[in-house]
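Heads up, the thing below is written out as structure tokens.
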Amino acid sequence: MNARKYGLEETDILLEPSTLFFAAKQGYFGDILNAIDNHLNQLKSIPDSYYYQVLNKYVFSSNKYSLPRWSILLALSLIFALLISILIGNIFRKQVRKRTAELHKANLEMEKRIEQRTEELAMAMHKAQVADMLKSAFLATMSHELRTPLNSVIGFTGILLKEMPGKINEEQSKMLSIIQGSARHLLSLINDVLDISKIEAGQLDLHYSNVNLYS
């Protein structure tokens, strides 16, 4: 009952031990004091002795097993810190799960877009190949159809210019030369188109020969 009054706490952990002294006049009652000391030492060695009963009665009253206030505060602080760490850990776990779900969703959308783009590219490539084949077929057909009459025009104008059917005047010869030159130019353009088609198809045949660069 007096422990709380003087700020005393009973504990098995001795942080600042103190010594109990009894005063007496020097040189007197020596035998009695020695007997008291011996008796007190014996009582201190017995946990249930009268010494501890009186000490608990007048100092600590019935609060024999109460914990010190600092230990309670320390325990509460540790529990509070543990709860805070658990709460923060749960928040972090929720954020990680949320971010993971968002990344998974983004990956699925990206894969879907890649598949869609791949299909579009494959379709575009197929259309380009078909268009290229149609172009090559068209050029080959049209070139053949154009080369035949052009060769005829060039051949017949050559015959007329050589006056095999009969004499022609200067004006007629000039006009026939223009027709023949235009036909040959058009035939050269058609041959160039055919060569381009062969190059694109990888079917152009190369012939190596010596060339005089100074001629």
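Numbering (our numbering), first residue to last: 1 to 215. In this text, a Cβ means the ideal position worked out from N, Cα and C, and glycines have one as well. Nothing here was measured: the structure is a model prediction, and the numbers come from that model.
With 16 other Cβ atoms within 10 Å as the buried cut-off, status of Ala183: Looking at its Cβ environment, which holds 16 or more other Cβ atoms inside 10 Å, Ala183 is buried.
Contacts around Asn63, its chain only, beta-carbon distance under 6 Å, and the 5 residues preceding and following it disregarded: Low confidence applies to Asn63: its pLDDT is 49, below 50, so where it sits in the model is not reliable enough to give any reading.
8 Å contact criterion, which Leu189 and Asp195 should meet: CB distance rounded: The pair is not a contact, with the Cβ atoms about 11 Å apart (cut-off 8 Å).
In chain order, each alpha helix (DSSP H) run of at least 4 residues that lies wholly inside the stretch 50 to 131: 50 to 55, all fully within the stretch 50 to 131.
Pair within 8 Å by beta-carbon distance, Tyr50 and Leu43: Yes, Cβ-Cβ distance for Tyr50 and Leu43 is below 8 Å.
Met164 versus Glu170: straight-line alpha-carbon distance, rounded: Rounded to whole angstroms, Met164 to Glu170 spans 15 Å at the Cα level.
Own chain, CB closer than 6 Å to Leu176, minus 5 neighbours either side, in chain order: For Leu176, the CB contacts under 6 Å within the same chain, skipping 5 residues up- and downstream, are Thr157, Leu160, Leu161 in chain order.
From Ile179, Gln26, Lys198, residue whose alpha carbon lies closest to that of Ser152: Taking each of Ile179, Gln26, Lys198 in turn and checking the Cα distance to Ser152, the smallest one comes out for Ile179.
Environment of Ser197 [buried if 16+ CB atoms lie within 10 Å]: By the neighbour-count criterion, in which 16 or more other beta carbons inside 10 Å mark a residue as buried, Ser197 falls on the buried side.
Rounded separation between Met123 and Val130 - CA only: Between Met123 and Val130, the C-alpha separation is close to 11 Å.
Cβ-based neighbour list, Val193, same chain, cut-off 8 Å, excluding 5 preceding and 5 following: Leu139, Ser143, listed in sequence order.
Own chain, CB closer than 7 Å to Leu146, minus 5 neighbours either side, in chain order: Answer for Leu146: Ile190, listed in chain order.
For Glu171, three-class secondary structure by DSSP: Helix at Glu171.
Three-state secondary structure (DSSP) of Asn212: DSSP places Asn212 in coil when its eight states are reduced to three.
Per-residue DSSP class, three states only, for His207: Secondary structure of His207 (DSSP, three-state): coil.
For Glu163, three-class secondary structure by DSSP: Correct three-state label for Glu163: coil.
Pairwise C-alpha distance: Leu76 and Ile96: The displayed chain sequence assigns Val, not Ile, to residue 96. Note on geometry: alpha-carbon atoms of Val96 and Leu76 lie some 30 Å from one another.
For His126 and Glu115, the rounded distance between their alpha carbons: Roughly 16 Å separates the two Cα atoms.
Three-state secondary structure (DSSP) of Gly155: Three-state result, Gly155: helix.
Beta-carbon proximity of Leu150 to Leu186, cut-off 8 Å: Pairing Leu150 with Leu186 gives a Cβ-Cβ distance under 8 Å.
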